[in-house]
Amino acid sequence: MSSGNGAVAGAPATPPILFNALLTLNAVPGLAHAPRVAGVQVTHLRDIGVGEGRHEVFLGLDHQINAELVFKRIRKEALASRDAFFAEARRLYESRHRHVVPIAYACEDAAPVYLAMPHFARGSLQALLEQRCLSTREIVRLGLDFRMGLHHAHVRGVLHFDVKPTNVFLDDAGAATLADFGQSRLADPGGLADTPPMYPRHVPPEAYTGTQLTRRADVYQAGLTLYRMCVGAAAWDAQAGPFGKHLSPPLHDAVLQGRFPDRNAFPEHIPTRLRTLVTKALRPDPDKRWPTVLDLMNQLATVSGGDDLDWRPQVDGSGGMSWELTSQRATKRVALGRNSSGTDWRVEVTRLGLTPGAKPSRLKTECLGPASEAAARAHARKLLGVS
Amino acid sequence: MRAIGFRATPTDIHYAVVEGDPGAYDVVALDAVRVPAALLPPNQLHFLRTVLLDVMEEYQVTRAGLRTAETTARAPSVFRYNVEGVVQELLASSTVDWYFAGAKARIASLLGYADRKTVTKFCDGDDAPPVATEWAQHSKEQREAILAACAAVNGGNPNGAAAGSTLAGVGGKA
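Keeping their order, the protein sequence lines are chains A and B.
Be aware that the first sequence starts at 10, since it is given in the numbering used here, and climbs by one per residue.
Be aware that the second sequence starts at 677, since it is given in the numbering used here, and climbs by one per residue.
Next up, the structure:
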């Protein structure tokens, strides 16, 4: 890598040029052309993230095409062989698809390897989940989107092994696309691939006991991602936090026994059909999961309903939850939580006018006893009209 | 030769992958892709197009057929017509060597039957074509998808027509 002086005409605030990576064009045997080297000049704009100590991700300006691209910088010493340098780039190229993040180009310098990909201004699914909870319709739409990318990778014989909300990005149209094929492996003719290093909280149960995995491991991770879309970021963090960030015996036991993630933690607006299909995707025994991503998509396609799919959930600070549904005339709000003294459970229905200054009108408030959490949740579910 | 046949309904699109030569066929795959009920029609159509393109790639088919609605259907489904339009566009942008879209008469013609009554009997399960499968156990839509695939095996220009150049039966009679 060489650090230039950054004197590029038209570049904002003239930050230093980060690297001049080289594209080597080798001579073709039998032809009279000499080998040539072409440079790629990129300016570092800002860091985006660091992944598992092996690579860094930053936003850069490619001066040749005047485009802001996301660059993944991977240190060569972290990779086993030269073939491994560009394995991810090759998998991305092999898996070109509307719902797979495309690769712009790959190049190398003295020390690192760079993969250039488009910048998604809307960010990742994880960022969206940290901002707000999703309605059922959003879960189905985004869930189908990135599963289409995963299905395509499977058709090409590529197993992803790192499906999680941080690896799903939202494009300008709001569609979800699958990214990061750094842990992906090509399946052998029997559909098996060696187990790569995996994100601890998304390690499928069979990876604890075996050395090879099938596409059902991706079905598990896709189901877990769907689960996280259902419960929201806060509930997920509350569940996963106590296990820490590394593989541990308690996490191992909880995953193998089907206790993590908690299959009973679905919020009230999630319909039974969606809960059932997610739970089946998370079965500890891979043979009892949906066999393929296409099966999972077909099940997701059966989730149906009317307005009840559009309740927008919100989590309040006291452990309660509320849902809002906006029609042409008003917004209806259903709130579930404890009363102000923290003793009894209560369910409250409020109508919020859409005109500025309109006062909310409380339609119904029902107080249930201190031990009536289950009844209050069932009642809220009935008010939401969720089947 | 390997071909895929499609039969759309308002809720599913059935597909059959058939391997063989004219007159003798094996069913390699028989499945359906469901229309996502929670999505709006444009998103539903995008989903179907994307997934079906991957299904065609997965089975490496070289020919394709779409069994379209009869023009005399008593209760036509507008959404089915939409799905059939998307599948036709999909066939045009796919890498298959040859494809067709047609109703029973077109399928009968490609299979070498004089009229569509024979195909109607096949569709209703009253008679079975020379396909190595338990014909009576399939639904009517599955049978029609299989017949469309068999017709695609039979069809095409022996000199190697380009995709789309023989789409004579689109939505109509042979």
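From the three backbone atoms N, C-alpha and C, an ideal C-beta is built for every residue, glycine too.
- Rounded to the nearest angstrom, the Cβ distance from VAL759 of chain B to LEU716 of chain B is 14 Å, too far for a contact under 8 Å.
- By the criterion of a C-beta distance shorter than 8 Å, LYS816 of chain B is surrounded in its chain by CYS799, ASP800 and GLY801, once the five residues flanking it on both sides are discounted.
- Within 10 angstroms of the beta-carbon of GLY69 of chain A lie 16 or more other beta-carbons, which makes it buried.
- A contact is defined here as three or more CB-CB pairs under 8 Å, and the region 209–225 of chain A fails this definition with respect to the region 145–157 of chain A.
- Taking 9 Å as the cut-off, the beta carbon of LEU151 of chain A is found closer than this to the beta carbon of MET238 of chain A.
- A distance below 9 Å separates the beta carbons of VAL727 of chain B and MET157 of chain A.
- Around the CB of ILE112 of chain A, 16 or more other CB atoms lie within 10 Å, so the residue is classed as buried.
- When CB distances to chain A are screened at a threshold of 7 Å, the residues of the region 692–717 of chain B falling below it are VAL709, ARG710, VAL711, PRO712, ALA713, ALA714 and LEU715, in chain order.
- Here ASN75 of chain A is exposed. Its C-beta has fewer than 16 other C-beta atoms within 10 Å.
- In this structure, LEU138 of chain A lies near GLY241 of chain A, with their beta-carbon atoms less than 9 Å apart.
- When Cβ-Cβ separations below 9 Å define contact, ARG150 of chain A makes contact with chain B.
- Between THR726 of chain B and chain A, the shortest Cβ-Cβ separation is below 9 Å.
- Per DSSP, reduced to three states, the secondary structure at MET207 of chain A is coil, with no helix or strand assignment.
- In the three-state DSSP reduction, SER331 of chain A falls in the strand class (E or B).
- Three or more Cβ pairs drawn from the region 682–697 of chain B and the region 727–741 of chain B lie within less than 8 Å of each other, which places the two stretches in contact.
- At a beta-carbon threshold of 9 Å, none of the residues of chain A lie near PHE798 of chain B; the nearest stands roughly 26 Å away.
- At the C-beta level, ASP56 of chain A and VAL49 of chain A stay beyond 9 Å of one another.
- The shortest C-alpha to C-alpha distance from PRO214 of chain A to any of A:VAL167, A:GLN266, A:GLY199 and A:GLY191 is the one to A:GLN266.
- Only LEU153, MET157, HIS160, HIS161 and VAL164 from the region 153–166 of chain A bring a Cβ to less than 7 Å from some Cβ of chain B.
- In chain order, VAL694 and TYR701 place their CB closer than 6 Å to the CB of CYS826 of chain B, counting only its own chain and leaving out the 5 sequence neighbours on each side.
- For ALA708 of chain B, DSSP records a beta bridge to B:HIS690.
- The beta-carbon of THR311 of chain A is placed less than 9 Å from the nearest beta-carbon of chain B.
- Residue pairing by DSSP puts ALA679 of chain B in a beta bridge opposite B:VAL694 and B:ARG739.
- Taking the Cα positions, ASN830 of chain B is about 21 Å away from GLU746 of chain B.
- Annotation: GLU357 of chain A to CYS142 of chain A spans about 20 Å, alpha carbon to alpha carbon.
- Rounded to the nearest angstrom, the gap between the Cα atoms of SER785 of chain B and ASP688 of chain B is 26 Å.
- A residue is called buried when at least 16 other Cβ atoms come within 10 angstroms of its Cβ; THR744 of chain B meets this threshold and is buried.
- The region 218–249 of chain A is shown to contain whole alpha helix (DSSP H) runs of 4 or more residues at 224–240 and 242–249, in chain order.
- Inter-residue distance for LEU392 of chain A and GLY191 of chain A is about 45 Å (C-alpha atoms, whole angstroms).
- By the neighbour-count criterion, in which a residue is buried when 16 or more other Cβ atoms sit within 10 angstroms of its Cβ, ASP730 of chain B is buried.
- Residue range 145–164 is occupied by the alpha helix (DSSP H) that includes GLY158 of chain A.
- If you draw a 10 Å sphere on the C-beta of VAL754 of chain B, you find fewer than 16 other C-beta atoms in it, and that means exposed.
- Within chain B, no C-beta atom comes less than 9 Å from the C-beta of GLY199 of chain A; the nearest is roughly 16 Å away.
- Chain B has a Cβ within less than 9 Å of the Cβ of GLY314 of chain A.
- Distances from the alpha-carbon of ASN176 of chain A to those of A:GLY250, A:VAL109 and A:TYR123 put A:VAL109 closest.
- Along the length of the region 281–305 of chain A, whole beta strand (DSSP E) runs at least 3 residues long do not occur.
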